[in-house]
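Engineer: Here it is, the structure in full.
Protein chains in written order, with this note's numbering: chain W, 1 to 123; chain E, 1001 to 1226.
Written as structure tokens, this is what we have:
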């Protein structure tokens, strides 16, 4: 069955798909399937962009995912919400970086470093 | 179905308990999950069905990535990918909990796992200094790989001299699974770099910038002391 396009999804569906993508990316990472991870990344960006243009920016809806049991879901949610909730998002990244749950902990630490250096500019 | 023989009864009980425990753990996160039903006509078949249930539950747990202890199947998984997926999951789980040297052998592992144990143990190494990691390059050790701080292929593509790429300052010996994780990080698209992978972002950049990123990646992945 063909998946609905982000613009045709409800807000709830967008958040659910965003969560599912993180879980699939976690599994792809564990199995070293980087091409699959990257395909999912493109889909995640499309969802992020759709949330951003809805009703003045609905990325706030992803803040509830900071407590998700899957580390990749938490990591994606923190990065995507940096522009709308900078301080909570940075704290979420720091928590992941401190968790020793690698490789997501390493990725989160690199994001904080890239924010500090001005390389990562959340929009 | 015939009654289990005395030896079978304890194995049956153990398999059933193991399966029930694993399924219960999945249902804490996914209340409606159930394993695929298995057909069986003997006690041995029922034991295999319970073992299959436990392994399916473990696979589901890995998908959900709940921080729960991994179950290592007794039978050697048929493919290297499956074996590595399981050993990496075990290593990650231990890395989040491991506290002291004497706790390193808490895993009750089947025989096939011993081949992978050096990689799991290496993954639990605490961070080391740069000179320790560089000096270790002179000898090989099971569970460890030689890692280029500035990525080799990308540096070659950008025509950096081989003497720099393979020079002692650019080489460190690090735990194999960490080597794979860092290499994976370089290959995956990342919002930090406007959707580029770190490897693509660094393409065309100066040696110093690549070194900065390479060293920081080692720190953030718990390999190099800050």
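Beta carbons: idealized from backbone N, C-alpha and C, even for Gly.
What are the start and end residues of the alpha helix (DSSP H) that includes residue 1176/E?
Structural biologist: The sequence position of residue 1176/E within the second chain is 176, counting from 1. From DSSP, the alpha helix (DSSP H) with residue 1176/E extends over 1176-1187.
Engineer: Tell me whether residue 1145/E sits in a helix, a strand or coil according to DSSP, three-state version.
Structural biologist: In the second chain, counting from the first residue as 1, residue 1145/E sits at position 145. Strand, per DSSP.
Engineer: Hey, residue 94/W and residue 115/W: beta-carbon distance below 8 angstroms or not?
Structural biologist: What you label residue 94/W is simply residue 94 of the first chain in a count that begins at 1. What you label residue 115/W is simply residue 115 of the first chain in a count that begins at 1. Their beta carbons are not under 8 angstroms apart, which means residue 94/W does not touch residue 115/W by this criterion.
Engineer: Which same chain residues, not among the five before or five after residue 1213/E, have their C-beta less than 7 angstroms away from its C-beta?
Structural biologist: Indexing the second chain from 1 puts residue 1213/E at position 213. Around residue 1213/E: 1198, 1202.
Engineer: Write down the C-beta distance between residue 1186/E and residue 1151/E rounded to the nearest angstrom, noting that I regard them as a contact closer than 8 angstroms.
Structural biologist: Position 186 of the second chain, counted from the start, is the residue given in the question as residue 1186/E. Position 151 of the second chain, counted from the start, is the residue given in the question as residue 1151/E. Right, the Cβ-Cβ distance comes to about 6 angstroms (below 8 angstroms), so this counts as a contact.
Engineer: Just reading off the alpha helix (DSSP H) that residue 79/W is part of, what are its end residues?
Structural biologist: Numbered from its first residue, the first chain carries residue 79/W at position 79. Residue 79/W -> alpha helix (DSSP H) spans 71-80.
Engineer: Our contact map puts residue 1119/E next to residue 1140/E with C-beta atoms below 8 angstroms; I'd like the distance itself, whole angstroms only.
Structural biologist: Counting from one through the second chain, the residue named residue 1119/E turns up at place 119. Counting from one through the second chain, the residue named residue 1140/E turns up at place 140. Not really, about 13 angstroms apart at Cβ, beyond 8 angstroms.
Engineer: One question on the structure: do residue 1022/E and residue 1071/E come within less than 8 angstroms of each other, judged by their Cβ atoms?
Structural biologist: For the purposes of this step, residue 1022/E is identified with residue 22 of the second chain, where counting begins at 1. For the purposes of this step, residue 1071/E is identified with residue 71 of the second chain, where counting begins at 1. Yes, Cβ-Cβ distance for residue 1022/E and residue 1071/E is below 8 angstroms.
Engineer: Relative to chain W, which residues along the segment 1068-1096 of chain E have a C-beta separation below 7 angstroms, given in chain order?
Structural biologist: Under the 7 angstroms Cβ criterion, the segment 1068-1096 of chain E contributes 1081, 1085, 1088, 1089, 1092, 1095, 1096.
Engineer: Whole angstroms are fine: how far does the CA of residue 1094/E sit from the CA of residue 1123/E?
Structural biologist: Translated into the one-based positions of the second chain, residue 1123/E becomes position 123. Translated into the one-based positions of the second chain, residue 1094/E becomes position 94. Roughly 9 angstroms separates the two Cα atoms.
Engineer: Which of the three DSSP states, helix, strand or coil, is assigned to residue 1128/E?
Structural biologist: Along the second chain, read from residue 1 onward, the residue named residue 1128/E stands at position 128. Here residue 1128/E sits in strand by DSSP.
Engineer: Sorted by chain position, which residues of the same chain lie with C-beta nearer than 7 angstroms to residue 1148/E's C-beta, five sequence neighbours on each side aside?
Structural biologist: Along the second chain, read from residue 1 onward, the residue named residue 1148/E stands at position 148. Cβ within range, chain order: 1165, 1170, 1171.
Engineer: Taking just the CA atoms, how far does residue 1081/E sit from residue 1106/E?
Structural biologist: As a first step, residue 1106/E must be located in the second chain, where it is residue number 106. As a first step, residue 1081/E must be located in the second chain, where it is residue number 81. Bear in mind that a pLDDT of 45 at residue 1106/E, under 50, signals an unreliable position, so the number given afterwards is only what the model happens to contain. Near 24 angstroms, if we compare the C-alpha coordinates of residue 1081/E and residue 1106/E.
Engineer: So residue 1015/E packs on residue 1047/E, CB below 8 angstroms; how close in whole Å?
Structural biologist: As a first step, residue 1015/E is located in the second chain; it is residue number 15 there, counting from the start. As a first step, residue 1047/E is located in the second chain; it is residue number 47 there, counting from the start. Rounded, the Cβ-Cβ distance is 5 angstroms, consistent with contact.
Engineer: From residue 1109/E to residue 65/W, what does the alpha carbon distance come to, in whole angstroms?
Structural biologist: Position 109 of the second chain, counting from 1, holds the residue named residue 1109/E. Position 65 of the first chain, counting from 1, holds the residue named residue 65/W. So the two alpha carbons sit approximately 34 angstroms from each other.
Engineer: Quick one: using the 10 Å Cβ neighbour count with 16 as the cut-off for buried, is residue 1210/E buried or exposed?
Structural biologist: Mapped onto the second chain, residue 1210/E falls at position 210. It counts as buried.
Engineer: For residue 1173/E, list the residues DSSP reports as bridge partners.
Structural biologist: Against the second chain, residue 1173/E aligns to sequence position 173. According to DSSP, which records beta bridges pairwise, residue 1173/E is partnered with 1146/E.
Engineer: Within 8 angstroms of any Cβ in chain W, is that where the Cβ of residue 1217/E sits?
Structural biologist: Along the second chain, one-based indexing puts residue 1217/E at 217. Yes, its Cβ sits closer than 8 angstroms to a Cβ of chain W.
Engineer: Is residue 1187/E close to chain W, meaning its C-beta is less than 8 angstroms from at least one C-beta of that chain?
Structural biologist: Within the second chain, numbered from 1, the residue matching residue 1187/E stands at position 187. So, interface residue.
Engineer: Is residue 1143/E closer than 8 angstroms to residue 1176/E when the C-beta atoms are compared?
Structural biologist: Counting from one through the second chain, the residue named residue 1176/E turns up at place 176. Counting from one through the second chain, the residue named residue 1143/E turns up at place 143. Result yes, Cβ atoms of residue 1176/E and residue 1143/E sit closer than 8 angstroms.
Engineer: Determine the extent of the alpha helix (DSSP H) in which residue 1111/E is found, giving its start and end residues.
Structural biologist: Along the second chain, one-based indexing puts residue 1111/E at 111. Taken as a continuous stretch (DSSP letters only), residue 1111/E belongs to no alpha helix (DSSP H), as it is neither H nor E.
Engineer: Could you confirm whether any beta carbon from chain E is found closer than 8 angstroms to the beta carbon of residue 107/W?
Structural biologist: Here the question's residue 107/W lines up with position 107 in the first chain. So yes, residue 107/W belongs to the interface.
Engineer: Need the endpoints of the alpha helix (DSSP H) that residue 1224/E sits in, please.
Structural biologist: For the purposes of this step, residue 1224/E is identified with residue 224 of the second chain, where counting begins at 1. No alpha helix (DSSP H) holds residue 1224/E; DSSP gives it neither H nor E.
Engineer: Quick one: residues in its chain with C-beta nearer than 6 angstroms to the C-beta of residue 19/W, no 5 flanking neighbours on either side, listed in chain order?
Structural biologist: As a first step, residue 19/W must be located in the first chain, where it is residue number 19. The residues are 73.
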